[in-house]
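Peer 1: For reference, the structure I am asking about is given below.
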Amino acid sequence: MNAIDVVRWQNLFAHRGLNWTAALSLVCTLIVLVLYAADPRELLGVPLWEKPLKFLISSTLYSATFSWLYGYVDKQQKLARWMGNLIGALLVVELVVIIGLAALGTTSHFNVSTPFHIVMWSVMATAISAVWGATFILGASLWNAPRMSADLRLAVRWALGLGLAGMGIAFTMTPPQAQQIQPETWAGIAGAHTVGAADGGTGLPFFGWSTIAGDLRVSHFLGLHALQVLPAFALIVSVAIASQYARLAIITGLGMSYGLFIAFTYVQALMGQSIVHVSTIAGLVLSLIVGLLVSALSQRVRSNSHKRRLSLPEMKKPKKL
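Under our numbering, the sequence shown has 45 at position 41, and the numbering climbs by one with no breaks.
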């Protein structure tokens, strides 16, 4: 199998609606990038245009990825096409709200300070919930796609499962924290992505992930972009490794490791620990997980190689005359 078998370049832009969403997101990314560099204003301690820029980049990747994957849909193409159209339209709605509120110099997420902001936040929450549902349905049509190679199909299954889980983590950020609903501390904010500190403040450059407290956005980011990471890894493996048994074992190992790392970063955030300040116990647990996975993966590769050798017919020796 070669790279063409995995990527299926002829279907790279298979879904027209998602192509338009990806193109619009890309154009807006370039515009907002200029604003990000030129506008010195900040919001909650970060550049005003940082959040719109990150969401635009994510929308571009998300739309382009599913436009490509749509080309592999064999059954229920009409339903899958409509789900793609729905995803594209709802992403545009989400981006309009985020960019519009940034232009007004105010926050979009968790902002319930006025009736207007409550409506905007409700629109965003409804849109992204519908995107999750549409992604689930579109993903179901890809689960047994016969046009995919075995390598890509396995990687896409892992990517869809972890991607939906990563998107779902965003829903755990929305419940208001105890101090947010107290009359004496009410500030018009309900929900947060930081655990152990207020949103904003010191964070990693551009990503903004808190360096002083837990941040649920880390696991959300990792899960969401499994949709790009795992299929890309399948491409690399398909080119670099000849044995299909080894390729499938390696992709399975990566999917397991990636999923466990998402879970690790999520639990770590709930404990109030920053991604850059891993505790000794957390580091030990992660090391054990990686070690066990490497050991299990090596065993599977050896086992499959042994089974293949046993299945080969023995060569008969020529009879002596």
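For every residue, glycine included, the Cβ atom is placed at its ideal position computed from N, Cα and C.
(1) So for D219, helix, strand or coil by DSSP?
(2) Looking at C-alpha atoms only, which residue of I216, T215, G263, S214 is the closest neighbour of G234?
(3) Is the segment 167-182 close to the segment 122-138, with three or more CB pairs under 8 Å?
(4) My output table needs one value for P51: the three-state DSSP class, helix, strand or coil.
(5) With 16 other CB atoms within 10 Å as the buried threshold, where does H121 fall?
(6) Which same chain residues, not among the five before or five after L231, have their C-beta less than 6 Å away from its C-beta?
(7) Name the DSSP bridge partner or partners of G207?
(8) Going by the DSSP bridge assignment, what does T111 pair with across the sheet?
(9) I'd like the span of the alpha helix (DSSP H) that includes S261, first residue to last.
(10) Ordered along the chain, which non-local residues of its own chain (more than five positions away) have a Cβ less than 7 Å from that of M128?
(11) Below 8 Å on the Cβ atoms is my contact criterion, and I expect A191 with F114 to pass it. Report the Cβ-Cβ distance as a whole number of Å.
(12) Quick one: any contact between the segment 52-64 and the segment 18-30, if contact means 3 or more CB pairs under 8 Å?
(13) Quick check on the DSSP output: the alpha helix (DSSP H) that includes R157 runs from which residue to which?
(14) So L297 and G257 are in contact, right, with Cβ under 8 Å, and what is the actual spacing, rounded?
(15) Where does the unbroken alpha helix (DSSP H) through W125 begin, and where does it stop?
(16) Tell me whether V280 sits in a helix, a strand or coil according to DSSP, three-state version.
(17) If you follow the alpha helix (DSSP H) that V77 is in, where does it begin and where does it stop?
(18) Between the alpha carbons of I8 and W72, how many angstroms are there, rounded?
(19) Reducing DSSP to helix, strand and coil, say where T198 ends up.
(20) Determine the DSSP secondary structure at I245, reduced to helix, strand or coil.
(21) With a threshold of 16 other CB atoms inside 10 Å of the CB of W125, please say whether the residue is buried or exposed.
(22) Identify the continuous alpha helix (DSSP H) that holds T33 and give its terminal residues.
(23) Going by beta-carbon coordinates alone, are S214 and Y270 separated by less than 8 Å?
(24) Please report how far the alpha carbon of V294 lies from the alpha carbon of L228, in whole angstroms.
(25) Taking the alpha-carbon of V241 as reference, which of L158, T130, T139 has the nearest alpha-carbon?
(26) Is the number of C-beta pairs between the segment 140-151 and the segment 202-216 that are closer than 8 Å three or more?
(27) Measuring straight from C-alpha to C-alpha, what distance separates A42 and Q186?
Peer 2: The short version:
(1) Here residue 219 refers to the residue found at position 215 of the sequence shown. If DSSP states are grouped into helix, strand and coil, D219 belongs with the strands.
(2) Residue mapping note: residue 234 aligns to position 230 of the sequence shown, counting from 1. Reading off the sequence shown, one finds Leu at residue 234, where the question assumed Gly. Ranking the options by Cα distance to L234, first place goes to G263.
(3) yes
(4) By one-based count along the sequence shown, residue 51 stands at place 47. Note: P51 maps to strand in three-state DSSP.
(5) Counted from its first residue, the sequence shown places residue 121 at position 117. Label assigned to H121: buried.
(6) In the sequence shown, residue 231 corresponds to position 227, counting from 1. Correct list, in chain order: T69, A163, G167.
(7) Locating residue 207 in the sequence shown gives position 203, counting from the first residue. Paired residue(s): S214.
(8) Locating residue 111 in the sequence shown gives position 107, counting from the first residue. None, per the DSSP bridge assignment.
(9) Locating residue 261 in the sequence shown gives position 257, where the first residue counts as 1. Segment 248-274, the alpha helix (DSSP H) holding S261.
(10) Here residue 128 refers to the residue found at position 124 when the sequence shown is read from its first residue. The answer, listed in chain order, is E98, V101, S112.
(11) As a working mapping, residue 191 is identified with position 187 in the sequence shown. As a working mapping, residue 114 is identified with position 110 in the sequence shown. The Cβ separation is near 10 Å, so there is no contact.
(12) yes
(13) Walking along the sequence shown from the start, residue 157 turns up at place 153. 154-173 is the extent of the alpha helix (DSSP H) around R157.
(14) Residue 297 sits at position 293 when you count from the first residue of the sequence shown. Residue 257 sits at position 253 when you count from the first residue of the sequence shown. The Cβ separation is near 6 Å, so the contact holds.
(15) Residue 125 sits at position 121 when you count from the first residue of the sequence shown. Looking at the DSSP string, the run of the alpha helix (DSSP H) that includes W125 is 119-146.
(16) Along the sequence shown, read from residue 1 onward, the residue named residue 280 stands at position 276. V280 falls in the coil class under three-state DSSP.
(17) Position 73 of the sequence shown, counted from the first residue, corresponds to residue 77. Premise fails: V77 is in no alpha helix (DSSP H) and is neither H nor E.
(18) Counting from 1 along the sequence shown, the entry for residue 8 is found at position 4. Counting from 1 along the sequence shown, the entry for residue 72 is found at position 68. The pLDDT assigned to I8 is 46, lower than 50, so where the model puts this residue is not dependable; a value taken from the coordinates is nonetheless given after this. Roughly 13 Å between the two C-alpha positions.
(19) Working through the sequence shown from its first residue, we reach residue 198 at position 194. Here T198 sits in strand by DSSP.
(20) Your numbering for residue 245 matches position 241 in the sequence shown. Three-state DSSP puts I245 in coil, outside helix and strand.
(21) For the purposes of this step, residue 125 is identified with residue 121 of the sequence shown, where counting begins at 1. When all chains shown are included, W125 counts as buried.
(22) Reading the sequence shown from its first residue, position 29 is the one you call residue 33. Here the alpha helix (DSSP H) through T33 covers 20-42.
(23) Along the sequence shown, read from residue 1 onward, the residue named residue 214 stands at position 210. Along the sequence shown, read from residue 1 onward, the residue named residue 270 stands at position 266. No, these two residues do not count as a Cβ contact at 8 Å.
(24) Position 290 of the sequence shown, counted from the first residue, corresponds to residue 294. Position 224 of the sequence shown, counted from the first residue, corresponds to residue 228. If I take the Cα positions, the gap works out to 21 Å.
(25) Here residue 241 is taken as the residue at index 237 of the sequence shown, counted from 1. Of L158, T130, T139, the residue nearest in Cα terms is L158.
(26) no
(27) On the sequence shown, residue 42 is found 38 positions in, with the first residue counted as 1. On the sequence shown, residue 186 is found 182 positions in, with the first residue counted as 1. Roughly 38 Å separates the two Cα atoms.
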